[in-house]
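Numbering (our numbering), first residue to last: 457 to 774. Note that beta-carbon positions come from the ideal geometry of N, C-alpha and C, so glycine has one too. Quick caveat: nothing in here was measured; it's all calculated off a predicted structure. These notes are about the structure you will find just below.
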Amino acid sequence: MKRILRSPAEWLTAIGTVVTLIAALTFLWPISGWREALRIVGLAVFFSGVVIAIREIREVQADLRTEVGAWRSSMQRVVGDLGQSLDLVRDVIRSSAHAPHIVAGRQALRKLAFEVVHDRARGLKNLAESGTQLNIEEHHFINSFLRNLADSLDKGSVWCGVTLLTEGWLEHASEPGYTDFVRLMQRRSKDGELLTLRVYCYSEPSELEQLADHLRDESKSGIVVKTLDLRVAHFNPEDLTVVWPSLNREQLETVRKAEEPAGWLLERGYRPLCSLQFATSAGRLLKSLHINGAEADITILRRQLFERAWRAASVWRE
């Protein structure tokens, strides 16, 4: 049976009330002295319960004030952190920096902040309120950045890349976002908007056979494709990209045919706009992307690594 009286205050006020009521029943107490004494005891017990109840209420109020204060402080920290984050995102999005890798990152951040996060929050709210199903699709920030970078480059820009063939490449199991990036690169190269020089590194001849269709598409789109057999390379290339500023049509044709494209550009005063280095997880998915600006020492190193791989590679032919 569920307990009705829970605290000492409730018991005391109940007992005091009962005793006082009994004292009021004068026909049960012909001796007025006993009746008065019983009434006084009943009232004393009742008010004792009231006093204890007031003390318990004050203790509960103190605990509530402590909890509310802690909650308020926590919310103030959350709101403060969120405000700082939003201010930072706003500053980045409003930035006037025009370097292509900054523009690409800004566009990817805008999509993440105002589309992806908003959709996730709305989905979670609907799930909590109505129990509707929540579908979450993976957002590949790196692929979004790469596509934005390829799309934001000025006409005539030069893209120099070294690609290490992984299981994801060989099994055509790359993420959809990366496939969109590859197709955009092919389209812009075919339209003459970009000059793309790419070295594909392999360990077994069978790997090139598995990738033949892709290499054919790359070549037909105007991308200059070379392959490098790692068994005879005597060095370990990195999966990297070096992006150069735009050139006129005559210069682009010269770079396309140059034995040392980066060297030719450097001799004429051109410097890379940025450089990228890729790392994969389990040989399939992009795990991380390291981005560096024009003046970084690592960009100089990556330019040298590309040049070394380009010299050692052979032009791909079917």
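If you follow the alpha helix (DSSP H) that residue i is in, where does it begin and where does it stop?
i	result
residue 712	705–713
residue 579	573–586
residue 671	668–676
residue 556	556–567
residue 719	717–723
Out of the options, state which residue places its alpha-carbon closest to the alpha-carbon of residue i.
i	options	result
residue 556	731, 762, 771 and 756	731
residue 694	662, 656 and 588	656
residue 636	729, 598 and 667	598
residue 620	728, 518, 697 and 726	697
residue 671	682, 702 and 651	682
residue 601	591, 564 and 716	564
residue 592	562, 756, 571 and 611	571
residue 654	707, 645 and 515	645
residue 610	560, 575 and 756	560
residue 618	750, 725, 686 and 707	686
residue 749	554, 510 and 513	554
residue 649	679, 721 and 663	679
residue 703	605, 651, 518 and 576	651
residue 677	689, 647 and 692	647
residue 744	733, 752 and 512	733
residue 608	633, 666 and 640	640
residue 448	659, 753 and 724	What the structure shows of the chain is the stretch from 457 to 774, and residue 448 is not part of that stretch, so it cannot be assessed.
residue 614	771, 727 and 746	727
residue 669	519, 773, 575 and 516	773
residue 638	752, 663, 603 and 664	603
Quick one: what does DSSP say residue i is sitting in, helix, strand or coil?
i	result
residue 770	strand
residue 635	helix
residue 617	strand
residue 692	coil
residue 611	coil
residue 518	helix
residue 754	helix
residue 763	helix
residue 464	helix
Output the boundary residues of the beta strand (DSSP E) element that contains residue i.
i	result
residue 650	650–658
Could you pull the DSSP bridge partners for residue i from this structure?
i	result
residue 734	745
residue 684	657
residue 524	Residue 524 is not bridged to any residue.
Is the closest heavy atom of the ligand ZN to the C-beta of residue i under 6 Å?
i	result
residue 577	With respect to the ligand ZN, the structure shown offers nothing to examine, as it has no ligands at all.
How many whole angstroms separate the CB atoms of residue i and residue j, which I take to be in contact at a CB cut-off of 8 Å?
i	j	result
residue 717	residue 616	7 Å
residue 735	residue 684	So it is not a contact: roughly 19 Å between Cβ atoms.
residue 612	residue 708	6 Å
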